[in-house]
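Visitor: Heads up: the protein sequence lines correspond to chains A and B, in order. Here our numbering is used: the first residue of the first sequence is 5, the next is one more, and so on. Here our numbering is used: the first residue of the second sequence is 9, the next is one more, and so on. Ideal placement from N, C-alpha and C gives every residue a C-beta, glycine not left out. Here the structure is a predicted model, which means the values were calculated and not measured.
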Amino acid sequence: MTTSDNTPRGLEPAAGLIARFEPLAPGQVPGFAMKITVRGVQLALRGLPLLARLGGQELRGVAVSPAGDGFMGLLEHAPHEGDRLSFGYESALHSTDVVYRALVA
Amino acid sequence: MSRWDEPSGTGTPWVAPGLAEAERDLNEMLGPIDGYDVVGWPGSGLNDRLRPGDLLLRARGGFRVRAQVAHVAGPELHDADALSSGDAEGAGDGWYAEAVWRSPAGQGRIPAYVRVVDSRGRVPQNQIVIRSRPILPAVAPVSLPPRQGLDDAPGAEEPPWPGLGMPDAGALDGGLEETSPTPTPRSWELPATEWVNVNYYLEWIKGDTLEYLTQPTRKTTDRGLDKEAFPGLLPLTLIDLLALLEIERPDPASPADFQMGLKTKAFYPGTAASPTDVAPGGPYPVVLILPGNHGVQEVRQSPVTPPATAGRGPWKKIPGTADGWVREILSHAGYEYLQEDLARSGVVSFAISTNPANALDAMVQTRADLVMAYLDLLRRIQSGGIASPLAGHLDLGRVGLLGHSRGGDGVVKGALDNAGRNASSAPPATPIQIKAVCALAPTDSKGTARPSDRPVMASPVERFLVVYGSHDGDVSGVGGGLERTGTGFRHYDRSMTRWDTMIFVRGVAHNRFNTTWDNSHSPGPAFQHGDPSHRLVDQSPYPSDPTCGVTTPPGPPACPSPTEYRSIDAHKALAREYIGGFFRWALGGEALEARFKGEVFPLAAGAGISAADVAIQYMVPTHCLIDGFQRDPPGRNALAGPASYTSSQTVEFELGNRPDGNSTIPLAPRVPHQTRILDARPGSAAQVVYRTEIPAGPLRNTRPYSHICFRMTAGFDVSAPGTILSRFPPWKLRIFTGEGSSPAASEAGPAALDTRGVRAPKPPFFHELWVPREGVAKSSLSGEVVNVTKLHFQTVAIPLVAFRGADLEHLQAVELELGAGTMPFYFDTLCLMAL
Numbered sequence: 005m006t007t008s009d010n011t012p013r014g015l016e017p018a019a020g021l022i023a024r025f026e027p028l029a030p031g032q033v034p035g036f037a038m039k040i041t042v043r044g045v046q047l048a049l050r051g052l053p054l055l056a057r058l059g060g061q062e063l064r065g066v067a068v069s070p071a072g073d074g075f076m077g078l079l080e081h082a083p084h085e086g087d088r089l090s091f092g093y094e095s096a097l098h099s100t101d102v103v104y105r106a107l108v109a
Numbered sequence: 009m010s011r012w013d014e015p016s017g018t019g020t021p022w023v024a025p026g027l028a029e030a031e032r033d034l035n036e037m038l039g040p041i042d043g044y045d046v047v048g049w050p051g052s053g054l055n056d057r058l059r060p061g062d063l064l065l066r067a068r069g070g071f072r073v074r075a076q077v078a079h080v081a082g083p084e085l086h087d088a089d090a091l092s093s094g095d096a097e098g099a100g101d102g103w104y105a106e107a108v109w110r111s112p113a114g115q116g117r118i119p120a121y122v123r124v125v126d127s128r129g130r131v132p133q134n135q136i137v138i139r140s141r142p143i144l145p146a147v148a149p150v151s152l153p154p155r156q157g158l159d160d161a162p163g164a165e166e167p168p169w170p171g172l173g174m175p176d177a178g179a180l181d182g183g184l185e186e187t188s189p190t191p192t193p194r195s196w197e198l199p200a201t202e203w204v205n206v207n208y209y210l211e212w213i214k215g216d217t218l219e220y221l222t223q224p225t226r227k228t229t230d231r232g233l234d235k236e237a238f239p240g241l242l243p244l245t246l247i248d249l250l251a252l253l254e255i256e257r258p259d260p261a262s263p264a265d266f267q268m269g270l271k272t273k274a275f276y277p278g279t280a281a282s283p284t285d286v287a288p289g290g291p292y293p294v295v296l297i298l299p300g301n302h303g304v305q306e307v308r309q310s311p312v313t314p315p316a317t318a319g320r321g322p323w324k325k326i327p328g329t330a331d332g333w334v335r336e337i338l339s340h341a342g343y344e345y346l347q348e349d350l351a352r353s354g355v356v357s358f359a360i361s362t363n364p365a366n367a368l369d370a371m372v373q374t375r376a377d378l379v380m381a382y383l384d385l386l387r388r389i390q391s392g393g394i395a396s397p398l399a400g401h402l403d404l405g406r407v408g409l410l411g412h413s414r415g416g417d418g419v420v421k422g423a424l425d426n427a428g429r430n431a432s433s434a435p436p437a438t439p440i441q442i443k444a445v446c447a448l449a450p451t452d453s454k455g456t457a458r459p460s461d462r463p464v465m466a467s468p469v470e471r472f473l474v475v476y477g478s479h480d481g482d483v484s485g486v487g488g489g490l491e492r493t494g495t496g497f498r499h500y501d502r503s504m505t506r507w508d509t510m511i512f513v514r515g516v517a518h519n520r521f522n523t524t525w526d527n528s529h530s531p532g533p534a535f536q537h538g539d540p541s542h543r544l545v546d547q548s549p550y551p552s553d554p555t556c557g558v559t560t561p562p563g564p565p566a567c568p569s570p571t572e573y574r575s576i577d578a579h580k581a582l583a584r585e586y587i588g589g590f591f592r593w594a595l596g597g598e599a600l601e602a603r604f605k606g607e608v609f610p611l612a613a614g615a616g617i618s619a620a621d622v623a624i625q626y627m628v629p630t631h632c633l634i635d636g637f638q639r640d641p642p643g644r645n646a647l648a649g650p651a652s653y654t655s656s657q658t659v660e661f662e663l664g665n666r667p668d669g670n671s672t673i674p675l676a677p678r679v680p681h682q683t684r685i686l687d688a689r690p691g692s693a694a695q696v697v698y699r700t701e702i703p704a705g706p707l708r709n710t711r712p713y714s715h716i717c718f719r720m721t722a723g724f725d726v727s728a729p730g731t732i733l734s735r736f737p738p739w740k741l742r743i744f745t746g747e748g749s750s751p752a753a754s755e756a757g758p759a760a761l762d763t764r765g766v767r768a769p770k771p772p773f774f775h776e777l778w779v780p781r782e783g784v785a786k787s788s789l790s791g792e793v794v795n796v797t798k799l800h801f802q803t804v805a806i807p808l809v810a811f812r813g814a815d816l817e818h819l820q821a822v823e824l825e826l827g828a829g830t831m832p833f834y835f836d837t838l839c840l841m842a843l
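#1: Just to confirm the assignment, what range does the beta strand (DSSP E) spanning residue 272 of chain B have?
#2: Please confirm if residue 67 of chain A has its CB atom under 7 Å from at least one CB of chain B.
#3: Residues in the region 83-102 of chain A with C-beta within 7 Å of chain B's C-beta atoms, listed in sequence order?
#4: Looking at residue 358 of chain B: is its Cβ nearer than 7 Å to the Cβ of residue 296 of chain B?
#5: Along chain A, in chain order, which residues have C-beta atoms closer than 9 Å to that of residue 482 of chain B?
#6: Give the range of the beta strand (DSSP E) segment to which residue 360 of chain B is assigned.
#7: Using a Cβ-based criterion (distance less than 6 Å to any ligand heavy atom), does residue 485 of chain B qualify as near the ligand COA?
#8: Output yes if chain B places a C-beta closer than 7 Å to the C-beta of residue 64 of chain A; else output no.
#9: Grouping DSSP H, G and I as helix and E and B as strand, with all else coil, what is residue 299 of chain B?
#10: Please work out which residues of its chain come closer than 8 Å, Cβ to Cβ, to residue 487 of chain B, disregarding the five sequence neighbours upstream and downstream, and give them in chain order.
#11: For residue 486 of chain B, would you say it is in contact with chain A, using Cβ-to-Cβ distances shorter than 7 Å as the test?
#12: At a CB distance below 9 Å, what residues from the region 705-720 of chain B approach chain A? Give them in sequence order.
#13: Relative to the C-alpha of residue 505 of chain B, which candidate in B:493, B:386 and B:474 has its C-alpha closest?
#14: Between the region 55-74 of chain A and the region 447-454 of chain B, do three or more beta carbon pairs fall short of 8 Å?
#15: Kindly indicate which residue of B:47, B:46 and B:52 has the alpha-carbon position closest to the one of residue 614 of chain B.
#16: Kindly list the residues whose CB is nearer than 8 Å to the CB of residue 91 of chain B, restricted to its own chain and excluding five residues on each side of it in sequence; keep chain order.
#17: Closest Cβ-Cβ distance between residue 27 of chain A and chain B: below 7 Å?
#18: Does residue 217 of chain B come out as helix, strand or coil in the three-state DSSP assignment?
#19: With 7 Å as the threshold, decide whether the Cβ of residue 545 of chain B is near any Cβ in chain A.
#20: Between the C-alpha atoms of residue 827 of chain B and residue 701 of chain B, what's the straight-line distance to the nearest angstrom?
#21: Is there at least one Cβ from chain A nearer than 7 Å to residue 304 of chain B's Cβ?
#22: Since residue 72 of chain A meets chain B, which of its residues come closer than 8 Å, beta carbon to beta carbon?
#23: Could you spell out the range, first to last residue, of the alpha helix (DSSP H) harbouring residue 192 of chain B?
#24: If we ignore side chains and look at the alpha-carbon of each, how far apart do residue 74 of chain A and residue 420 of chain B end up?
#25: Could you tell me which chain A residues have their CB closer than 8 Å to the CB of residue 453 of chain B, listed as they occur along the chain?
#26: Which of the three DSSP states is assigned to residue 836 of chain B in this structure?
#27: Any chance the region 488-495 of chain B sits against the region 744-751 of chain B, with 3 or more Cβ pairs inside 8 Å?
#28: Which class does residue 746 of chain B belong to by DSSP, given the choice of helix, strand or coil?
#29: Report yes or no: is there a C-beta of chain B within less than 7 Å of the C-beta of residue 10 of chain A?
#30: In angstroms, rounded to a whole number, what distance separates the CA positions of residue 289 of chain B and residue 400 of chain B?
#31: Among B:598, B:516 and B:525, which residue has its Cα nearest to the Cα of residue 581 of chain B?
#32: Determine, for residue 212 of chain B, whether the minimum Cβ-Cβ distance to residues of chain A falls below 7 Å.
#33: Report yes or no: is there a C-beta of chain D within less than 7 Å of the C-beta of residue 215 of chain B?
#34: Between residue 414 of chain B and chain A, is the shortest Cβ-Cβ distance under 7 Å, so that the two count as touching?
#35: Since residue 380 of chain B is in the alpha helix (DSSP H), which residue starts that stretch and which ends it?
#36: Report the partner residues of residue 441 of chain B according to the DSSP bridge assignment.
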């Protein structure tokens, strides 16, 4: 644990999460290429919105499940191989061990 | 007819004539007295420490007109038990001050200890404590043509007793004669869920543009409601679960869509004789209460006990399980203490469920649409379309909104949407007029959008109140005013209603206003602070830390100072007096405006929150903004007069976005505001850092106003409680007045500030969060301590008459001078107000 001046830092990646990357058909959700669903978290349901990012891309429309055990979000662009998921309520997001890997046919 | 013959509003019939009598006595003894401040109203606590010379007036022989007068000789209060029987007047339990009784003839009596407050800290009903004001030159009002920022004739909202402020709510407590019986609070609940087709929005800010999902929709597929997106423990899809709880359901007419369920419980002024009758005297103003975001369901996989629990719906068996049960968390049931108070005061309130938005983690627009749906419900209740005792008893021309947390964002947008609907080409047949809005610990999730996308509270809403606590552990303001999600400070900074007020209260948290929410985790009152970013501070297995009497996580800091947290009862008292009082004033017409310009602190002594805990900002209807530092056009103030900086270290900036890169403190995370200000830097000697000119003409006449005001804070070192200085940097405000080209200067400094009520400026309120690491078990030790202490602006006021010798009809210029030092001084909203 560290004590910071104003933003969290120095945190370890969260582990044990399950993420589903669901490509969206054109027009299925207009403006978006992929939907991400994450499970295995324990989130407080609070006034602040959850923020999430995959690599350099911010997830839009992030919504926490009613039980706080998961969340979903939308990506405007297809992610890059190796993009890592991070999320959190405060401005500095917590890194996770979830990394995007494209399926190879 | 003396000034005291005006209605007192206290319900204590002896007060006004008693004061008049006392004034005559004092005039005989001491010469003319110009006015008083009330230090303690009957039935209320003292709003300031006693000072030698304060006057205690006591109704003689019960509630007879004539009053006795005692001069307070010492500031200390003594327990009756600690005084010998010969010293104290023997008036019973309570607290006594040394005082000298005066007879009308002027002879002093034997020094004695006089009972000032009772054992609960309240001034007895037959007493009042006042403080004489300096004898100041009379001010004659002068008419002025209308201009920007000048709405009302001076004094239109003035208290009827000049110099006294208005009586506070505490003075209205029992034991008084009343013109009509106090209504008995009665409740009514919507008998069945009303299903409506409210859209669900995905919304976000991209760059500075507010975006929604292109087609606002309630399609189940867009939320994964028809899939096992979050299977959890249940064999149900999410939409099945929510339908079981009557929160959301597939639309019977279009099963691919879903509908939202409306639920509400009202409290209204009733009668003691009937459980349903509405008290005579209506129609009554109405307040809608929106809770914030919270969990919507509890699940058990074991037998449950059927008895009802406050704040929870009934347990329901989950189909397809052997012993699975679920019940709804009723966030909207958490404000009944406030609703009952409002009902007693003649205000009907409807606490409304926003669980349909909570279940979807919706942000603002879905909640605003729910407000509109509930307004439609009000119309149906009023018209008898829904069977209710309230039909015909609602005054839909006097409606208020209270929103907590995300509900605060929701009520601001809802009020704007309602105004837009009323002004549209197809207005509703029964327009609803939202007159007053209160945002309690609100999120501001749209404040970083481009200006046109930011919600701004403005007309036709007439009054806006923001209530926010320094120890909010959810909407904590971490990161400062430039963060994506901000706090109520930004709502206040943008607001433009006729009367805006914000109180920032030390030790007040987020969840404690809602009795349904998670407020008490662990043993002992010091641990009862269930805000999300506090939740790990007090939980086992953390060892006890005897140095601060709390359990703390291992590692620094040793003590997170939870003793600063005010009790749940203190939060309730604050809500009753400020939020309840706000609607009683803004909608019910009670004369409570003094508390919303800081002149009176309404909580009783012993409530757990004192006047020293409250920092206030306000802008009253009768005002003239001299300089808001917006600089449009450059180099000009709000009156188009020139403004200049005579210190090279003085710059302007959007808070948190310093252009000079010369910050000596990490300002952005410390400042919760969203405004442009004057950042004044002192030097090694006193120097003028700012000067602005008032254009020639009627704008120079200050007679319609009583005070010159501004917002201020300073660059305190807030890294630890001990580093926060108790004083602000030395400053002076200098005004130049007169008709000629060589105006005379007169000045006033901190000693001239009007410090009645809560107006004295407060240094920062220290606060650290324990931010748990999300995404892992809640019991994890992983997390971090984050300092979220804020440099908050507050409005300060200097009586114009404090500028001795000034020609107040010809104000030509204003200067700000800083004394020698190093601490930056932040200055904004220079204005004149009629307080």
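Guide: Taking the geometry as given:
#1: On the second sequence, residue 272 of chain B is found 264 positions in, with the first residue counted as 1. First-last of the beta strand (DSSP E) with residue 272 of chain B: 272-278.
#2: By 1-based counting over the first sequence, the position of residue 67 of chain A is 63. Yes, contact with chain B.
#3: 91, 92, 93, 94, 95, 98 and 100
#4: For the purposes of this step, residue 358 of chain B is taken as the residue at position 350 of the second sequence. For the purposes of this step, residue 296 of chain B is taken as the residue at position 288 of the second sequence. Result yes, Cβ atoms of residue 358 of chain B and residue 296 of chain B sit closer than 7 Å.
#5: Here residue 482 of chain B refers to the residue found at position 474 when the second sequence is read from its first residue. The contacting residues are 48, 50, 51, 52 and 93.
#6: Working through the second sequence from its first residue, we reach residue 360 of chain B at position 352. Here the beta strand (DSSP E) through residue 360 of chain B covers 356-360.
#7: Ligands are entirely absent from the displayed structure, and the ligand COA is therefore not among its contents.
#8: In the first sequence, residue 64 of chain A corresponds to position 60, counting from 1. At least one chain B Cβ lies under 7 Å of residue 64 of chain A.
#9: The count along the second sequence starts at 1 and reaches residue 299 of chain B at position 291. Coil at residue 299 of chain B, not helix or strand.
#10: The sequence position of residue 487 of chain B within the second sequence is 479, counting from 1. Closer than 8 Å at the Cβ level, and outside the excluded window around residue 487 of chain B, lie 676 and 677.
#11: As a working mapping, residue 486 of chain B is identified with position 478 in the second sequence. At least one chain A Cβ lies under 7 Å of residue 486 of chain B.
#12: none
#13: Stepping through the second sequence from its first residue, residue 505 of chain B is reached at position 497. Comparing Cα positions, the closest option is B:474.
#14: no
#15: Working through the second sequence from its first residue, we reach residue 614 of chain B at position 606. Per the Cα distances, B:52.
#16: In the second sequence, the residue the question calls residue 91 of chain B occupies position 83. The residues are 104 and 121.
#17: Numbered from its first residue, the first sequence carries residue 27 of chain A at position 23. For residue 27 of chain A, the answer is no, since every Cβ of chain B falls outside 7 Å of its Cβ.
#18: Taking the first residue of the second sequence as 1, we reach residue 217 of chain B at position 209. In the structure shown, residue 217 of chain B sits in a strand (DSSP, three-state: E or B).
#19: As a first step, residue 545 of chain B is located in the second sequence; it is residue number 537 there, counting from the start. With a pLDDT of 46 at residue 545 of chain B, under the threshold of 50, the modelled position of that residue is not reliable, and no figure is offered here.
#20: On the second sequence, position 819 is the one that residue 827 of chain B refers to. On the second sequence, position 693 is the one that residue 701 of chain B refers to. Going from the Cα of residue 827 of chain B to the Cα of residue 701 of chain B covers about 22 Å.
#21: Here residue 304 of chain B refers to the residue found at position 296 of the second sequence. For residue 304 of chain B, the answer is yes, since a Cβ of chain A falls inside 7 Å of its Cβ.
#22: To locate residue 72 of chain A, count along the first sequence from 1; it is residue 68. Under the 8 Å cutoff, chain B gives 303.
#23: Here the question's residue 192 of chain B lines up with position 184 in the second sequence. Not the alpha helix (DSSP H): residue 192 of chain B falls in the beta strand (DSSP E), residues 192-197.
#24: On the first sequence, residue 74 of chain A is found 70 positions in, with the first residue counted as 1. On the second sequence, residue 420 of chain B is found 412 positions in, with the first residue counted as 1. The alpha-carbon atoms of residue 74 of chain A and residue 420 of chain B are separated by roughly 29 Å.
#25: Residue 453 of chain B sits at position 445 when you count from the first residue of the second sequence. Residues of chain A passing the Cβ test: 53.
#26: The count along the second sequence starts at 1 and reaches residue 836 of chain B at position 828. Residue state, collapsed to three classes: strand.
#27: no
#28: Position 738 of the second sequence, counted from the first residue, corresponds to residue 746 of chain B. The answer is coil: DSSP assigns residue 746 of chain B none of H, G, I, E or B.
#29: As a first step, residue 10 of chain A must be located in the first sequence, where it is residue number 6. With a pLDDT of 30 at residue 10 of chain A, under the threshold of 50, the modelled position of this residue cannot be trusted, and the question is left open.
#30: The count along the second sequence starts at 1 and reaches residue 289 of chain B at position 281. The count along the second sequence starts at 1 and reaches residue 400 of chain B at position 392. Answer to the nearest angstrom: the Cα atoms are 12 Å apart.
#31: To locate residue 581 of chain B, count along the second sequence from 1; it is residue 573. Residue B:516 is the option with its Cα nearest to residue 581 of chain B.
#32: As a working mapping, residue 212 of chain B is identified with position 204 in the second sequence. It does; some Cβ of chain A falls within 7 Å.
#33: No chain D appears in this structure, whose protein chains are A and B.
#34: For the purposes of this step, residue 414 of chain B is taken as residue 406 along the second sequence, with counting starting at 1. Yes, residue 414 of chain B lies at the interface with chain A (some Cβ there is under 7 Å from its Cβ).
#35: For this step, residue 380 of chain B is matched to residue 372 along the second sequence. Its alpha helix (DSSP H) spans residues 373-391.
#36: Position 433 of the second sequence, counted from the first residue, corresponds to residue 441 of chain B. None, per the DSSP bridge assignment.
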